[in-house]
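Chains as they are written, first to last, in the working numbering: chain A, 1 to 433; chain B, 1001 to 1433.
Every residue gets a Cβ at the ideal spot worked out from N, C-alpha and C, and that includes glycine.
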């Protein structure tokens, strides 16, 4: 497959300066979508029609004739996971419930992109209700393999070079895992730093807006638009010390995945990073179990009305989640919410005690599994979704021709430093595995 | 007992204009507290010491020398239910858990009163955690009878004339019922119109800040300070049409209470009001049961940490509530939350269809029961706490020497109209029973 090279920062700078024209650029993207979409199936209804995109690009250009005052994402086409409301496009959430049920005002995240000049190129495929029942999307690197989920279409669209930027969301591992599987950069900001208004809730204590780009410069450019109170001026200072979690957490990866991860760790050491093993999670099974209970209970509440009326429309995994969640007693829900706060405090304390700036771990247990019936396991991402700490997935070479990703996380709220460090970390591990 | 006459609006106007001096006024109140408090027991630790109150009054006067720019509650001493955080006073919530556990920034409601010139005269007695286990407070009209709860001290302090204004809260019937029992005006604003920040949560979907005054002019003066986006300019226009709920809801009152209520209804008719029987609640038992489930489940979540550590410190009623709530399955919690929204919509629709502006009902099933072991039944208030509609309790005569109150409610958000109508309604029913 021909995967186009569309690094967001370069594209955006060219569009902003006038070296590229938005109408020409979206036409080029649209051409590429037309070429690869029948294989990749990243888009709902194939994405926005060519003529509509062209008209929006021309209108945008007319509104911003002066290159010096163009907004930072001027003319950038973006893919939007189909759980975000976008004015003029239906939200279907990969589900079979009546379309008129899934409506609402445009999501704040999308509104921020549009205010920054972005053009919505269409809705991207999500697993049903952003859980585990897959859509039709394939991994652009190997069409017989899953792209991961639940942000399947967004990860695949960026990986295939159809658009330079796409929005996703993560409640377990739905940004970092597909980014790893598809060989792109994924970013899940600190919990709460991007508003969830206008995004279909899964489990509100765990839901995060996230995004996909081809490289870390693009991530920073988009983060500056999306994330609340972004301080571009925050510089990382010295190189970060890198922590590697000990114990049972890492044992959840496959043998292939662990070997690839150790090669990435070696690459970091070779590049001169101070790498330390550290104890982070006392009992990973307890953490996973609280996350699962919390996700089930809150999802059951989010879906209470729809499930009462349309339970027969629900696919198997989602149905099982809601049914499990409905039975959770209030005490267990409160336990899980408390555990989440305690886990964050514990991890923060240990990072501080051991003088660790970032934690490196596998973005997924291994490369994308074969087959399209299963989107893979979010288990490597669950701790960071639970604590709400910021995470990036960085491409870290290949295993059997398939991309693998390095997950790098930092302190709660330290998104600016994490993304400032990410560029050098990414080049250190780019060819590792 | 000597119950002093302290109508807030008169007192506040005198203080503002300089006809009364705050230091003199608080000393007078303090004298009265010293006289009656050993009988009434409305205050935590007897209220703020005389010298401290005097110093605060003098400091306030020094800050506002000019009568023309004095804030609306300048120099008004207020009682604050002991579940509101007040800087400088501990919060104990009528409970036996360690004092250091119950801390937080000053509540927004208290801050609004203080910014408006009020002086906190002390914390008033609450039932344990604002539920059903009573404190020591007695009904000023009959010391062997309950003042009601959970805002026991606030209702009693205003009824006894110790202060002209006091803050309370209502999750079932904790403002309107004690106001009825103590023969004062109680006001529960529309759900959400007074922030709950800094108030110990009971069940957040049902919690309301409320207040007590001796007459409705005082209620309006305090409401204008406390309630978000208060529009004093909203006038009621014509006299309201008055709805009387049919059926099983009213049958929850005692024979005495119903007879007193019917006398109040007759008084409204005599005064020329258009009074209509209307069907509001299809199944009052279902409503009560959803309210009870929601209150139990949310209270269990609010108290999760404390109950895990200090369950032995909990009194019987509160312990039973938390234990019941812990076992509620998430599906039932979601059912109850949905029911609450549907109930509000249904009542609003019926008021509109039947052209009814306000609904009159008993503030409590009857007059204050004898004994101090039980604060009475909130069942007459539960529908309006569930729907979140604004409610006032208006003194409506006496039964066997004990006050009874008329509960008057209006459309969600129509607080300004309700309080504008309340004065004339109150004089119509003042001597009814």
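Reduced DSSP category for residue i - H, G, I as helix; E, B as strand; rest coil
i, result
"residue 1213(B)", "strand"
"residue 424(A)", "helix"
"residue 314(A)", "coil"
"residue 277(A)", "strand"
"residue 268(A)", "helix"
"residue 1139(B)", "strand"
"residue 1326(B)", "helix"
"residue 1361(B)", "strand"
"residue 118(A)", "coil"
"residue 1394(B)", "strand"
"residue 1077(B)", "strand"
"residue 89(A)", "strand"
"residue 132(A)", "coil"
"residue 1219(B)", "helix"
"residue 125(A)", "coil"
"residue 194(A)", "coil"
"residue 356(A)", "coil"
"residue 202(A)", "coil"
"residue 1399(B)", "strand"
"residue 1371(B)", "strand"
The alpha helix (DSSP H) enclosing residue i, as first and last residue numbers
i, result
"residue 25(A)", "22-40"
"residue 385(A)", "382-387"
"residue 333(A)", "330-353"
"residue 115(A)", "108-115"
"residue 10(A)", "8-17"
"residue 159(A)", "152-159"
"residue 1292(B)", "1284-1302"
"residue 1432(B)", "Unbroken run through residue 1432(B): none, as it is neither H nor E."
"residue 51(A)", "50-63"
Status (buried if at least 16 other CB within 10 Å, exposed otherwise) for residue i
i, result
"residue 415(A)", "buried"
"residue 56(A)", "buried"
"residue 1342(B)", "exposed"
"residue 193(A)", "buried"
"residue 216(A)", "buried"
"residue 1231(B)", "exposed"
"residue 113(A)", "buried"
"residue 363(A)", "buried"
"residue 1349(B)", "exposed"
"residue 1107(B)", "buried"
"residue 1048(B)", "buried"
"residue 316(A)", "exposed"
"residue 1247(B)", "exposed"
"residue 1022(B)", "buried"
"residue 1069(B)", "exposed"
"residue 16(A)", "buried"
"residue 46(A)", "exposed"
Range of the contiguous beta strand (DSSP E) that encloses residue i
i, result
"residue 969(B)", "Nothing about residue 969(B) can be reported from this structure: the residues present for chain B run from 1001 to 1433 only."
"residue 402(A)", "402-410"
Any chain E beta carbon closer than 8 Å to residue i
i, result
"residue 1333(B)", "Within the model displayed, chain E is absent; protein chains A and B are what it includes."
Proximal residues of chain A, C-beta to C-beta of residue i below 9 Å
i, result
"residue 1203(B)", "Per Cβ cutoff of 9 Å: no residues; residue 1203(B) is ~11 Å from chain A at best."
Proximity test, residue i beta-carbon vs the ligand PLP heavy atom, cut-off 7 Å
i, result
"residue 1099(B)", "This structure does not include the ligand PLP; it has no bound ligands of any sort."
Where residue i meets chain A, residues with beta-carbon distance less than 7 Å
i, result
"residue 1305(B)", "338"
Chain B residues whose Cβ lies nearer than 7 Å to that of residue i
i, result
"residue 328(A)", "1329 and 1330"
"residue 325(A)", "1330"
"residue 297(A)", "1330"
Under 8 Å by beta carbon: chain A residues contacting residue i
i, result
"residue 1300(B)", "330, 331 and 334"
task = Let me know the alpha helix (DSSP H) ranges lying completely inside the stretch 224-253 of chain A, each 4 residues or longer, listed in chain order.
result = none
Whole beta strand (DSSP E) elements within the stretch 164-190 of chain A, 3-residue minimum = 165-170 and 185-188
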